[in-house]
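*Asks:* Please read through the structure below; I'll follow up with questions.
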Amino acid sequence: MQNGLSSPKRFLPHKFLQALFVFAGFFPLAFVVYAPNPLSSFNVFKFGGVLLFCLFVFLFLERFLFHFYQRLHKQPKYFVLIYSVIFLMVLTSRLMLFIPHSLVFLIPISLSAMILSLLATPNISLLVGTFISFLIGMVYMNDITLFFYFFMGNAVGTFSTYKRYKRAELITCGYIIGLFNMVFILAIGLYQGHMDVTWFIGNMFLGFIGGILSAMLSLGILPYFEGVFNIATTQSLLELSNLDHPLLKRLMLRTPGTYQHSMMVGNLAEAAAEAVHADPILARIGAYFHDIGKMKRPMFYTENQFSGDNPHTRLSPRMSKMVIAAHPRDGVELATKYKLPDIIKKFIIEHHGTSLVSFFYTQALHTEAFEDCESSKDEFRYPGPKPSFKESGIVMLADSVEAAVRSMDKPTLQKIEHVMDTIFQTKLQDGQLSECPLSMREIYTIQRTFYQLFKSIYHHRIDYQEEIDAIIEHTKSK
Numbered sequence: 077m078q079n080g081l082s083s084p085k086r087f088l089p090h091k092f093l094q095a096l097f098v099f100a101g102f103f104p105l106a107f108v109v110y111a112p113n114p115l116s117s118f119n120v121f122k123f124g125g126v127l128l129f130c131l132f133v134f135l136f137l138e139r140f141l142f143h144f145y146q147r148l149h150k151q152p153k154y155f156v157l158i159y160s161v162i163f164l165m166v167l168t169s170r171l172m173l174f175i176p177h178s179l180v181f182l183i184p185i186s187l188s189a190m191i192l193s194l195l196a197t198p199n200i201s202l203l204v205g206t207f208i209s210f211l212i213g214m215v216y217m218n219d220i221t222l223f224f225y226f227f228m229g230n231a232v233g234t235f236s237t238y239k240r241y242k243r244a245e246l247i248t249c250g251y252i253i254g255l256f257n258m259v260f261i262l263a264i265g266l267y268q269g270h271m272d273v274t275w276f277i278g279n280m281f282l283g284f285i286g287g288i289l290s291a292m293l294s295l296g297i298l299p300y301f302e303g304v305f306n307i308a309t310t311q312s313l314l315e316l317s318n319l320d321h322p323l324l325k326r327l328m329l330r331t332p333g334t335y336q337h338s339m340m341v342g343n344l345a346e347a348a349a350e351a352v353h354a355d356p357i358l359a360r361i362g363a364y365f366h367d368i369g370k371m372k373r374p375m376f377y378t379e380n381q382f383s384g385d386n387p388h389t390r391l392s393p394r395m396s397k398m399v400i401a402a403h404p405r406d407g408v409e410l411a412t413k414y415k416l417p418d419i420i421k422k423f424i425i426e427h428h429g430t431s432l433v434s435f436f437y438t439q440a441l442h443t444e445a446f447e448d449c450e451s452s453k454d455e456f457r458y459p460g461p462k463p464s465f466k467e468s469g470i471v472m473l474a475d476s477v478e479a480a481v482r483s484m485d486k487p488t489l490q491k492i493e494h495v496m497d498t499i500f501q502t503k504l505q506d507g508q509l510s511e512c513p514l515s516m517r518e519i520y521t522i523q524r525t526f527y528q529l530f531k532s533i534y535h536h537r538i539d540y541q542e543e544i545d546a547i548i549e550h551t552k553s554k
């Protein structure tokens, strides 16, 4: 990434890694799926068929990410993550063949659903789980009933994990998956005509344990996947929301005005993200940390100028702009020092986009002679980049609106609504949301959500100035 947030160096271009994923990764997987009994002969034609099946699985997944998840498609780590999960689950099912066949229902198929739902997206989890179910069905001699069992277990795992924000909630998901596994096994037994009650009791018990095992393994494995692939889950983000976090405590002590501003931006962003079905936890945590760069020069920001001294009075507009525009970059450096996730760094570097530092630009217009006003505007802009995902765009809008309302002398609902209209129109006309996937309907919803929150805060603030002026005039006339 450019403008202050550099991406990790890659030893190979991501295009090559994707090709490696498609054309090389499927070979060891195909061998695990086929893996003939040592006593039987190797059937090259059968292995070739399995090889083609695995090739099509990987090609389909690569195309799915390319068309529907461009952001993930550009990051090779997601290809490695998906391959690792598929290989792990198929290898587990292959190893289960060395113990009695009746224990097949113990395979924690929902483990893949829980991991991919939390580290990628539920849609990817559901699709990958379908392919895993298909491949495990091939391992068990193309048993269609097992395919049904694994597919449904994966689906329940995906649905039950959706919007689970706490690690403890994954335990509940394990119980839910286990109960559904019991129902699926009951359906399989009835379909296959099993009349032995002990078959139902034994296998339904295994299915229930398999659901619990999926939750237990996901809780144990997830932190390692987060660390290896450098992906922040909602669970790890919630740990950052603790106000005892050393960086937030430092923000509160060093820049109390910025701290209060960040908390309010977090409330606005969380409510707006929930209204447009974005990630409210991610939006709130991103808002908490978005202005940490101001700690480097706290007195240069109005919310921290409690003594009345404004150091900008001693600087030229260009110097003031350089100080103000540096805080996103300073924030990224601080976030790196405290080992914050990359997704939080994006909030820090993107929350102003390439907006104009209008106050100092206006000052410069009065003190300098510009030959070309448009080109000079570029000199008074933040370095960017612009918001690249919904939550980042929401934080940009929340940050601008909260700062504007905070600077009002006597805020009223009418004034707040007018200022919000101006800010939203300015951001849109300036193209600050051009790289953000927010629709116009969602932007309108965000604006109304902000208004409702401010309405609950300032509903009692009525502007009596007109009435006061009328009374004064009436008194004078007498």
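In the numbering used here, the protein residues as written are 77 to 554. Beta carbons are placed, not taken as given, at the ideal position from N, Cα and C, and that holds for glycine.
1. Going by alpha carbons, who is nearest to Asn230 out of Asn199, Asp219, Lys153, Met217?
2. Taking C-beta to C-beta, are Val133 and Val109 nearer than 7 Å?
3. Just to confirm the assignment, what range does the alpha helix (DSSP H) spanning Lys422 have?
4. Under 6 Å Cβ to Cβ from Leu115, same chain only, skipping five residues before and after it: list those, please.
5. Which full runs of the alpha helix (DSSP H) of 4+ residues lie inside the region 442–493, going along the chain?
6. Pull up the CB-CB distance for Met258 and Ile208, whole angstroms please, since I reckon it's below 8 Å.
7. Hey, how far is the Cα of Arg86 from the Cα of Leu298?
8. Would a C-beta distance cut-off of 7 Å place Leu202 and Thr234 closer than the cut-off?
9. If contacts are defined as beta-carbon pairs under 8 Å, then Leu105 and Phe163 qualify, I think. What distance do you get, rounded to the angstrom?
10. Determine, using beta-carbon pairs with one atom in the region 424–440 and one in the region 396–411, whether at least three such pairs fall under 8 Å.
11. Let me check understanding here. Comparing Cα to Cα, which of Met496, Gly205, Glu511 lies closest to Ser160?
12. Can you check which of these residues, Phe305, Val408, Asn343, is closest to Gln151 by C-alpha distance?
13. Whole-angstrom Cβ separation of Ile470 and Ile420, contact assumed at under 8 Å?
14. Could you tell me the alpha carbon to alpha carbon distance between Pro459 and Tyr241, rounded to whole angstroms?
15. Let me make sure I understand the geometry here. Which of His321, Asp367, Gln311 has the alpha-carbon closest to that of Gln336?
16. Which one of Ser186, Glu379, Phe376, Leu295 has the shortest CA to CA distance from Gly283?
17. Between the alpha carbons of Thr237 and Gly507, how many angstroms are there, rounded?
18. In the DSSP assignment, what residue or residues form a beta bridge with Leu157?
19. Please report how far the alpha carbon of Ala440 lies from the alpha carbon of Lys415, in whole angstroms.
20. Out of curiosity, what's the CA-to-CA distance linking Phe500 and Asp475?
21. Nearest-angstrom Cα distance between Tyr534 and Val495?
22. Would you identify the three-state DSSP class for Leu432, choosing helix, strand or coil?
23. Give me the Cα-Cα distance between Gly227 and Phe256, rounded to the nearest whole angstrom.
24. Using DSSP with H/G/I as helix, E/B as strand and the rest coil, what is Asn218?
25. Where does the unbroken alpha helix (DSSP H) through Asn279 begin, and where does it stop?
26. Compute the beta-carbon to beta-carbon distance between Glu478 and Leu324, rounded to the nearest angstrom, for a pair I have assumed lies under 8 Å.
27. Give the single residue among Ile158, Leu319, Ser294 whose Cα lies nearest to the Cα of Ala196.
28. If you count every other CB in all the chains shown that lies within 10 Å of the CB of Ala244, and 16 or more means buried, which is it?
29. Between which two residues does the alpha helix (DSSP H) harbouring Lys19 extend?
30. Are three or more beta carbon pairs between the region 345–358 and the region 310–317 nearer than 8 Å?
31. Are three or more beta carbon pairs between the region 139–155 and the region 215–226 nearer than 8 Å?
32. For Gly296, which residues of its own chain have a beta-carbon under 8 Å away from its beta-carbon, when the five flanking residues on both sides are left out?
33. Could you tell me the alpha carbon to alpha carbon distance between Ser396 and Thr498, rounded to whole angstroms?
34. With burial defined as no fewer than 16 other Cβ atoms inside 10 Å of the residue's Cβ, what is the status of Gly269: buried or exposed?
35. List the endpoints of the continuous alpha helix (DSSP H) containing Arg326.
*Replies:* The answer reads as follows:
1. Within the sequence shown, numbered from 1, the residue matching residue 230 stands at position 154. Closest option to Asn230, Cα to Cα, is Asn199.
2. As a working mapping, residue 133 is identified with position 57 in the sequence shown. As a working mapping, residue 109 is identified with position 33 in the sequence shown. No. Outside cutoff.
3. Here residue 422 is taken as the residue at index 346 of the sequence shown, counted from 1. It spans 418–426 - the alpha helix (DSSP H) in which Lys422 sits, taken as one unbroken run.
4. In the sequence shown, residue 115 corresponds to position 39, counting from 1. Because Leu115 carries a pLDDT of 47, less than 50, the predicted location of this residue cannot be relied on, and the following value inherits that uncertainty. Nothing meets the Cβ criterion.
5. 449–455, 466–482
6. Counting from one through the sequence shown, the residue named residue 258 turns up at place 182. Counting from one through the sequence shown, the residue named residue 208 turns up at place 132. Not a contact, Cβ separation roughly 21 Å.
7. Position 10 of the sequence shown, counting from 1, holds the residue named residue 86. Position 222 of the sequence shown, counting from 1, holds the residue named residue 298. Only weak support exists for where Arg86 lies, its pLDDT of 42 falling under 50; the coordinates are left without a value.
8. Within the sequence shown, the letter at position 126 stands for residue 202. Within the sequence shown, the letter at position 158 stands for residue 234. Cβ atoms of Leu202 and Thr234: closer than 7 Å.
9. In the sequence shown, the residue the question calls residue 105 occupies position 29. In the sequence shown, the residue the question calls residue 163 occupies position 87. Indeed they touch by this definition, with Cβ atoms about 6 Å apart.
10. yes
11. Along the sequence shown, one-based indexing puts residue 160 at 84. Selected option, being the one with the closest Cα: Gly205.
12. Here residue 151 refers to the residue found at position 75 when the sequence shown is read from its first residue. Selected option, being the one with the closest Cα: Phe305.
13. By 1-based counting over the sequence shown, the position of residue 470 is 394. By 1-based counting over the sequence shown, the position of residue 420 is 344. Wrong, their Cβ atoms sit about 15 Å apart, outside the cutoff.
14. Locating residue 459 in the sequence shown gives position 383, counting from the first residue. Locating residue 241 in the sequence shown gives position 165, counting from the first residue. Cα to Cα, the separation comes out at about 34 Å.
15. Looking up residue 336 in the sequence shown gives position 260. Here the closest residue by C-alpha is Asp367.
16. Looking up residue 283 in the sequence shown gives position 207. The option with the nearest alpha carbon to Gly283 is Ser186.
17. Indexing the sequence shown from 1 puts residue 237 at position 161. Indexing the sequence shown from 1 puts residue 507 at position 431. Straight-line Cα distance between these residues: approximately 36 Å.
18. As a first step, residue 157 is located in the sequence shown; it is residue number 81 there, counting from the start. Leu157 pairs with nothing; no bridge assigned.
19. Indexing the sequence shown from 1 puts residue 440 at position 364. Indexing the sequence shown from 1 puts residue 415 at position 339. Roughly 38 Å between the two C-alpha positions.
20. To locate residue 500, count along the sequence shown from 1; it is residue 424. To locate residue 475, count along the sequence shown from 1; it is residue 399. Answer to the nearest angstrom: the Cα atoms are 12 Å apart.
21. Here residue 534 refers to the residue found at position 458 when the sequence shown is read from its first residue. Here residue 495 refers to the residue found at position 419 when the sequence shown is read from its first residue. Roughly 14 Å between the two C-alpha positions.
22. Residue 432 sits at position 356 when you count from the first residue of the sequence shown. Residue state, collapsed to three classes: strand.
23. Within the sequence shown, the letter at position 151 stands for residue 227. Within the sequence shown, the letter at position 180 stands for residue 256. The residue asked about is misnamed: residue 227 is Phe in this sequence, not Gly. C-alpha separation (whole angstroms): 12 Å.
24. Position 142 of the sequence shown, counted from the start, is the residue given in the question as residue 218. Residue state, collapsed to three classes: coil.
25. Working through the sequence shown from its first residue, we reach residue 279 at position 203. It spans 273–305 - the alpha helix (DSSP H) in which Asn279 sits, taken as one unbroken run.
26. Reading the sequence shown from its first residue, position 402 is the one you call residue 478. Reading the sequence shown from its first residue, position 248 is the one you call residue 324. Wrong, their Cβ atoms sit about 17 Å apart, outside the cutoff.
27. By one-based count along the sequence shown, residue 196 stands at place 120. Closest option to Ala196, Cα to Cα, is Ile158.
28. In the sequence shown, counting from the first residue as 1, residue 244 sits at position 168. Burial call: exposed.
29. A query on residue 19 cannot be resolved here, the shown segment of the chain reaching from 77 to 554 and no further.
30. yes
31. no
32. Here residue 296 is taken as the residue at index 220 of the sequence shown, counted from 1. The answer is none, since no qualifying residue turns up.
33. Against the sequence shown, residue 396 aligns to sequence position 320. Against the sequence shown, residue 498 aligns to sequence position 422. Going from the Cα of Ser396 to the Cα of Thr498 covers about 24 Å.
34. For the purposes of this step, residue 269 is identified with residue 193 of the sequence shown, where counting begins at 1. Exposed.
35. Walking along the sequence shown from the start, residue 326 turns up at place 250. Residues 322–330.
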